[in-house]
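This report concerns only the one structure given below.
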Amino acid sequence: MDGPDPVRPLVYRVGEFEVSVVSDGEFRLDGGAMYGMVPRVRWEPEDPPDDRNRVRLGLHCLLVRGPSFTALLETGIGRGWSPEWDDRYGILHPPSLVESLAAVGLRPEEVTHAVLSHLHFDHAGGLRHLPRARLVVQRGEAEAFRDPPAYHRGSYASHRPIPLEGALLLDGPGEPLPGITVRRTGGHTRDHQVVLLRSKGETLAFFGDLVPTVRHLPPLWTMAYDLVPMDVIDRKRDLLEEAAAEGWWAHLYHDRDPRPCRIGKDGKRFVAVRGVPGPGR
Ligand SMILES: [Zn+2]
Numbered sequence: 026m027d028g029p030d031p032v033r034p035l036v037y038r039v040g041e042f043e044v045s046v047v048s049d050g051e052f053r054l055d056g057g058a059m060y061g062m063v064p065r066v067r068w069e070p071e072d073p074p075d076d077r078n079r080v081r082l083g084l085h086c087l088l089v090r091g092p093s094f095t096a097l098l099e100t101g102i103g104r105g106w107s108p109e110w111d112d113r114y115g116i117l118h119p120p121s122l123v124e125s126l127a128a129v130g131l132r133p134e135e136v137t138h139a140v141l142s143h144l145h146f147d148h149a150g151g152l153r154h155l156p157r158a159r160l161v162v163q164r165g166e167a168e169a170f171r172d173p174p175a176y177h178r179g180s181y182a183s184h185r186p187i188p189l190e191g192a193l194l195l196d197g198p199g200e201p202l203p204g205i206t207v208r209r210t211g212g213h214t215r216d217h218q219v220v221l222l223r224s225k226g227e228t229l230a231f232f233g234d235l236v237p238t239v240r241h242l243p244p245l246w247t248m249a250y251d252l253v254p255m256d257v258i259d260r261k262r263d264l265l266e267e268a269a270a271e272g273w274w275a276h277l278y279h280d281r282d283p284r285p286c287r288i289g290k291d292g293k294r295f296v297a298v299r300g301v302p303g304p305g306r
């Protein structure tokens, strides 16, 4: 599977939750920046770049339907960027977020919450297409969006406003929705968070940009985009240890393959085995 499939949405269960992968197409980032200090000879065979040295990245949001909410984890990159940005970042639709929602029988206004790991444009860009969704994010991310650190000014793309009024702003860990908990990790941005979906003994972790793709599973495979790489390494290692010990599933937003994987260990190495959670699969 290599790229978004607009026709057949992937739907599975995590305990009582129905989870659907809702894709917003794909985009491209510089391969060197995406793999940080990893030498090109290591990443290139696994992820060959295009003729502008860019690698292809998925934009796979997760739609979680609970008894009292319909929440989207990340919102995609969204539409309506300038032609320059579309070209620079190789932004490619279809499918768009709205089309993928339609494929699982939902109109954008039926999404009640948007839980975001952080507010970089490739995660928050789709908020403008969700007129009723209440944003759930760490308070420091909202502050960073309003006044971005120089290092991340381009990544927040604050020239295009997002609906921060009415947002549920969190200060550290919490359970903003029943069964959905967050943990502030920092690292990629100062107030990046991961989202854990837990029900009936099953856990699915939404790693945001802490583990953007399956190739970033080794803790030392960080990105040049990470604000504090040492924090990424430490938080990633801690969370993956916990995931391996408890048999968590992981959804990796920027993977081209939309399927989740189960985290385990082979000796000292973390491994991710593709599959789909839920009974009878
Ligand atoms: Zn980011």
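Going by the working numbering, the sequence shown opens with residue 26, and the numbers climb by one from there.
Beta carbons are placed, not taken as given, at the ideal position from N, Cα and C, and that holds for glycine.
Taking 3 residues as the shortest admissible run, the segment 113-192 contains the following complete beta strand (DSSP E) segments, listed from N- to C-terminal end: 138-140 and 159-163. Among the bridge pairs identified by DSSP, residue 228 is matched with 223. Closer than 8 Å to some heavy atom of ligand 1: that does not describe the Cβ of residue 276. According to the DSSP assignment, residue 262 belongs to the alpha helix (DSSP H) that extends over 254-271.
One alpha carbon belongs to residue 48, the other to residue 81, and they sit about 14 Å apart. In the same chain as residue 303, and ignoring 5 residues on each side of it, the C-beta atoms closer than 6 Å to its own belong to 37 and 38, in chain order. When C-beta atoms of the segment 57-70 are compared with those of the segment 245-257, three or more pairs fall below 8 Å, so the two segments count as touching. In the three-state DSSP reduction, residue 65 falls in the helix class (H, G or I).
Contact between residue 100 and residue 189 does not hold, since the beta-carbon distance rounds to 14 Å and is not under 8 Å. In the DSSP annotation of this structure, the continuous segment of the alpha helix (DSSP H) that includes residue 60 starts and ends at 56-60.
By DSSP's assignment, residue 299 forms a beta bridge with 286.
Taking 8 Å as the cut-off, one finds no heavy atom of ligand 1 near enough to the beta carbon of residue 184. The beta carbons of residue 195 and residue 164 sit about 6 Å from each other, so the pair counts as a contact at 8 Å. Selection around ligand 1 by beta-carbon proximity, strictly under 5 Å to any non-hydrogen atom, yields 145 and 234 in chain order. Selection 279, 161 and 242 evaluated against residue 263 yields 242 as nearest (Cα-Cα). In the displayed model, residue 110 falls within a helix according to three-state DSSP. Contact between the segment 264-279 and the segment 227-239 is present: three or more C-beta pairs spanning the two stretches fall below 8 Å. Here DSSP, grouped into helix, strand and coil, assigns residue 38 to strand. Annotated three-state conformation of residue 79 is strand, per DSSP.
When the beta-carbon positions are compared, residue 212 and residue 257 come within less than 9 Å of each other. Linking residue 68 to residue 93 through their CA atoms gives a straight-line distance of about 43 Å. Residue state for residue 33 is assigned as coil, using DSSP reduced to three classes.
In chain order, 206 place their CB closer than 7 Å to the CB of residue 200, counting only its own chain and leaving out the 5 sequence neighbours on each side. For residue 219 against residue 210, the beta-carbon gap comes to about 6 Å, under 8 Å, which counts as contact.
Between the alpha carbons of residue 152 and residue 158 lies a distance of about 8 Å. Here the alpha carbons of residue 192 and residue 70 stand approximately 42 Å from one another. Contact annotation, residue 235 with residue 228: C-beta distance approximately 15 Å; criterion of less than 8 Å not satisfied. For the options 281, 266 and 245, the alpha carbon positioned closest to that of residue 64 is the one of 245. Residue 207: member of the beta strand (DSSP E) spanning 205-209, first to last residue.
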